[in-house]
């Protein structure tokens, strides 16, 4: 089924490319045909051609790429760590992601990293070493990419040819256009990590408006992180959740126009990544996952995080046209 869909998609893209070449090139200088299209229509077709090139590149890849964005300290790195079930990326107090970080699996038994413009494998044994390496490398800025290769034997998720991309806060740069061109055009899924203790900010919205200009209906999920704080005010929890949900739905449906209103709620989640990470690490060590100080309602938040993981995986597979999973 996967192969047949890819063949159909390739046939469609080839036909469309041929039509574009005819309109943009073949009729140039042919006076009998020169009035078929206006200049504005040609520009529009050129835009479609560029988007098609991006889609073909995504379909040609064997891995699934997920990019995480949001304001500084909203918990992007912690969300990725929770998905990986380990502290792979530096996160928490004192750690701010100052460049783009991609995490992907390696068949090697030791972790290492590579920086922009270098094939040198820099050994990384611990998260603290990674944090130190990133902090001490003065050549790294917000527009750089550091690729972290983590042993597949240590993380089952990375055995599925999945690449997770962490980013600096969307509120710390004016270079959104170059960010999108360098790191986002081939992403299968975008995850906006928001702070549930506040509301969606214009800087977050502005970034995704920019993404939407360049991509054809980007696949976006919104995580309202730190939802465990709602346990402190249970009497307001449902009202606050509805308020956040309504704003997120309006953003996805009315502003970005990337989803229908009935499907948008399936792309919005209320989670506590820190809770999920701690519980999964407890379980990996053979301890009860509910051990430690967890706010009331933890199980519901854990289930919602698991639901997000399933939804984004299925959604990413549908977007790319076939499954990227290798697990049974």
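In the numbering used here, the protein residues as written are -6 to 321. All C-beta atoms in this analysis are idealised placements derived from N, C-alpha and C, irrespective of residue type, glycine included. This structure is a prediction, so every number in the text was calculated from the model and none was measured.
The beta carbons of residue 263 and residue 217 sit closer together than 9 Å. Sorting 70, 107, 240, 56 by C-alpha distance to the C-alpha of residue 265 places 70 at the top. Rounded to the nearest whole angstrom, the CA to CA distance from residue 225 to residue 101 is 45 Å. In this chain, the alpha helix (DSSP H) harbouring residue 266 covers 266 to 277.
For residue 240, the uninterrupted alpha helix (DSSP H) run begins and ends at 230 to 243, by DSSP.
DSSP lists no beta-bridge partner residue for residue 172.
DSSP places residue 77 in the uninterrupted alpha helix (DSSP H) bounded by 69 to 77. Judged by DSSP in its simplified three-state form, residue 84 adopts coil rather than helix or strand.
Measuring C-alpha to C-alpha distances from residue 93 to each of 245, 163, 302 identifies 163 as the nearest.
Counted as a single uninterrupted DSSP element, the stretch harbouring residue 210 is not any alpha helix (DSSP H), since DSSP gives it neither H nor E. Under the DSSP definition of a beta bridge, residue 144 partners with 99. Membership of residue 163 in any beta strand (DSSP E) is not indicated, and neither H nor E is assigned to it by DSSP.
Across the set 138, 273, 91, the C-alpha of 138 shows the shortest separation from the C-alpha of residue 107. When the beta-carbon positions are compared, residue 237 and residue 196 stay at least 9 Å from each other.
Cβ-Cβ separation between residue 260 and residue 155: approximately 19 Å, too far for a contact (criterion under 8 Å).
Each of 206, 74, 227 was checked against the Cα of residue 268, and the nearest Cα belongs to 74.
Taking the CA atoms as reference points, residue 187 sits about 21 Å from residue 272. DSSP links residue 57 through a beta bridge to 155. If you draw a straight line from the Cα of residue 105 to the Cα of residue 247, it is about 43 Å long.
A residue is called buried once 16 or more other Cβ atoms fall within 10 Å of its Cβ, and residue 103, having fewer, is exposed. Pairing residue 199 with residue 249 gives a Cβ-Cβ distance that is not under 9 Å. Cβ neighbours of residue 173 within its own chain (closer than 7 Å, five residues either side excluded): 203, 204, 207. In the DSSP assignment, residue 188 falls within the unbroken beta strand (DSSP E) covering 182 to 188.
Around the beta carbon of residue 241, a 10 Å sphere encloses 16 or more other beta carbons of the protein chains shown; the residue is thus reported as buried. A distance below 9 Å separates the beta carbons of residue 214 and residue 301. Counting the other Cβ atoms within 10 Å of the Cβ of residue 228 gives fewer than 16, which makes it exposed.
In the three-state reduction of the DSSP assignment, residue 223 falls in the helix class, which pools H, G and I. With contacts defined as CB atoms closer than 9 Å, residue 158 and residue 96 qualify as a contacting pair.
Residue 58 is not a Cβ neighbour of residue 253, given a cutoff of 9 Å.
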